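Trainee:
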Amino acid sequence: MVNVALKNVSKRYGNVAAIEGVSLDIKDKEFLTILGPSGGGKTTVLRLIAGLEIPSEGEIYFGDKKVNDIPPRDRNIALVFQNYALFPHMIVYENIAFPLAIRNTPPEEVKKRVQEVAELLEITRLLDRKPKQLSGGEQQRVALGRAIIRKPDVFLMDEPLSSVDASLRIAMRTELKKLQRMLETTLIYVTHDQTEAMTMSDRIAVIRNGKIVQIDSPDTIYDAPKDDWVASFIGNPPMNLIDGLAGNGQVQLAGTQSSIMLPKSKVGKLASGAKVRIGIRPEDIRVSSQPLDGMSCSGEIYLLESLGDSTIVDVKVGNSIIRAREKAGFRAEIGDKVYLRFDDRRLAVFDAQTGSAL
Ligand SMILES: Nc1ncnc2c1ncn2[C@@H]1O[C@H](COP(=O)(O)OP(=O)(O)OP(=O)(O)O)[C@@H](O)[C@H]1O
Ligand SMILES: [Mg+2]
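Numbered by the working numbering, the letters in the sequence shown go through residues 4 to 361 in order.
(1) Kindly examine ligand 2 and report whether one of its heavy atoms sits closer than 6 Å to the Cβ of Thr36.
(2) Would you decide whether Met175 is buried or exposed? Buried here means 16 or more other CB atoms lie within 10 Å of its CB.
(3) Can you tell me which of the three DSSP states Glu187 falls into?
(4) Does DSSP classify Gln260 as helix, strand or coil?
(5) Tell me whether Ala227 is buried or exposed, calling it buried when 16 or more other Cβ atoms sit within 10 Å of its Cβ.
(6) On the three-pair Cβ rule with 8 Å, is the segment 300-314 touching the segment 269-279?
(7) Pro75 and Gly54 look like a contact to me (Cβ under 8 Å); what is the Cβ gap, rounded to whole Å?
(8) Specify the secondary structure class of Ser359 as computed by DSSP and reduced to three states.
(9) With DSSP run on the structure shown, which of helix, strand or coil describes Arg106?
(10) Run the proximity test for Thr363: is its beta-carbon closer than 6 Å to any non-hydrogen atom belonging to ligand 2?
(11) Residues around ligand 1, please: the condition is that the C-beta lies closer than 6 Å to some non-hydrogen atom of it.
(12) Count the other C-beta atoms from every protein chain shown that fall within 10 angstroms of the C-beta of Gly302, then say buried if there are 16 or more, exposed otherwise.
(13) Tell me whether Val70 sits in a helix, a strand or coil according to DSSP, three-state version.
(14) Would you give the residue range spanned by the beta strand (DSSP E) that Asp219 belongs to?
(15) Could you check the C-alpha separation between Pro58 and Gly252 for me, to the nearest Å?
(16) So, using beta-carbon positions, are Glu33 and Gly213 closer together than 7 Å?
(17) Leu186: which of Leu123, Leu171, Gln136, Arg172 sits nearest, CA to CA?
(18) Let me know if Asp72 comes out buried or exposed under the rule of 16 or more other beta-carbons within 10 Å of its beta-carbon.
(19) According to DSSP, is Glu62 part of a helix, a strand, or is it coil?
(20) Report the option in Lys14, Thr36, Asn6, Gln118 whose CA atom is closest to the CA atom of Ala100.
This is the structure:
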């Protein structure tokens, strides 16, 4: 049982700042995902928690114990990386047993624990095989087995599913989440895949350019992104962002003849003439061939993309493309004139200069 805290941690390599001023408070038994684009600093955060790197500044705590100077082997953590590096000459049994074997655990105890872990991960029938006789997903499970056998206080996982194929990845997501619940262990998970982060995490820490941009539950990150960058990073397709000028409780959308009404809660926050960026998720837009009550703007159909369970409708409005999610079977022709209605309760408004949510 342990909570992990980073207090104002920075890591520099020469004059490159890999992360800067990162503070994170990860609760005991929490599934926290560090999400961000390549080069954002995700692996650096994980390696610092593992003790594989020493912070240039700031402190790292496990519970109330400062661990800055504690070597990795004394932190009782388990690491799983993308390249899970099983020992090729050892059978699965030996691979899983390895962390206990090197700690001089009595053989009967080792045997019992390997059996338990193998049952949990449903790999009992694979125990006698060598890694090269396993599929990618099976290898990944063995790597997980090797990580959990020691009963670590904290799991650290760096893109552990990125080299398994798409359908297995979806299955493994569910399994990982279940496993973490069962083991009741704090899990810090790194990924650049927003869907993975959204589906598994209790909370998501979004990191970009070495800084944490937002830490919240998946729902809050989705519904109330802190800035326009987070808004466009989360969601598939992501949130539509449309520039405009505020005035009289409305926003004149740039490059169009259209204005949209702002919700009352936002109007008070905007000076007349303020440059804003409107954010609206595709599923919060309705597309119709007839003018709609509370209509937001009109445009023409640019592209239709069927996803099976829904259809993504690209509408050209002035110079911009606005993407809406409509029901499966939505019918229209390219070039048709259509009317859009934004659900104004779901409208986000960002400052166009700073990108911050208003
Ligand atoms: N040992 C190092 N020496 C110099 N720069 C480094 C070192 N390790 C990382 N960096 C730099 O720090 C930044 C953050 O790297 P990091 O590996 O943490 O990113 P990441 O978010 O894990 O990216 P990815 O998704 O590609 O794995 C990058 O700009 C990287 O080039
Ligand atoms: Mg990385």
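In this text, a Cβ means the ideal position worked out from N, Cα and C, and glycines have one as well.
On a predicted model such as this, the values are computed, not experimentally measured, just so you know.
Mentor: Taking the geometry as given:
(1) As a first step, residue 36 is located in the sequence shown; it is residue number 33 there, counting from the start. Incorrect: Thr36 has no Cβ contact closer than 6 Å to ligand 2.
(2) What you label residue 175 is simply residue 172 of the sequence shown in a count that begins at 1. With 16 or more other Cβ atoms within 10 Å, it is buried.
(3) By 1-based counting over the sequence shown, the position of residue 187 is 184. The answer is coil: DSSP assigns Glu187 none of H, G, I, E or B.
(4) For the purposes of this step, residue 260 is identified with residue 257 of the sequence shown, where counting begins at 1. In the structure shown, Gln260 sits in coil (DSSP, three-state: anything other than H, G, I, E or B).
(5) Position 224 of the sequence shown, counted from the first residue, corresponds to residue 227. The residue in question, Ala227, is exposed, as its Cβ has fewer than 16 Cβ neighbours within 10 Å.
(6) Verdict: no, contact absent.
(7) Reading the sequence shown from its first residue, position 72 is the one you call residue 75. Reading the sequence shown from its first residue, position 51 is the one you call residue 54. Pro75 to Gly54, Cβ: 4 Å. Contact.
(8) As a first step, residue 359 must be located in the sequence shown, where it is residue number 356. Three-state DSSP puts Ser359 in a strand.
(9) Here residue 106 refers to the residue found at position 103 of the sequence shown. If DSSP states are grouped into helix, strand and coil, Arg106 belongs with coil.
(10) Past the edges of the chain, shown from 4 to 361, lies residue 363, and the structure says nothing about it.
(11) Tyr16, Val19, Ala21, Gly39, Ser41, Gly42, Gly43, Gly44, Lys45, Thr46, Thr47, His195
(12) Counting from one through the sequence shown, the residue named residue 302 turns up at place 299. Burial call: buried.
(13) As a first step, residue 70 is located in the sequence shown; it is residue number 67 there, counting from the start. In this structure, Val70 counts as coil in the three-state DSSP scheme.
(14) Residue mapping note: residue 219 aligns to position 216 of the sequence shown, counting from 1. Unbroken beta strand (DSSP E) run through Asp219: 214-219.
(15) Within the sequence shown, numbered from 1, the residue matching residue 58 stands at position 55. Within the sequence shown, numbered from 1, the residue matching residue 252 stands at position 249. Their backbone Cα atoms lie some 48 Å apart in a straight line.
(16) Mapped onto the sequence shown, residue 33 falls at position 30. Mapped onto the sequence shown, residue 213 falls at position 210. The answer is no: Cβ separation not under 7 Å.
(17) If you number the sequence shown from 1, residue 186 lands on position 183. When only C-alpha atoms are compared, the closest one is Leu123.
(18) The sequence position of residue 72 within the sequence shown is 69, counting from 1. Flag for Asp72 reads exposed.
(19) In the sequence shown, counting from the first residue as 1, residue 62 sits at position 59. Note: Glu62 maps to strand in three-state DSSP.
(20) The sequence position of residue 100 within the sequence shown is 97, counting from 1. Answer by Cα proximity: Gln118.
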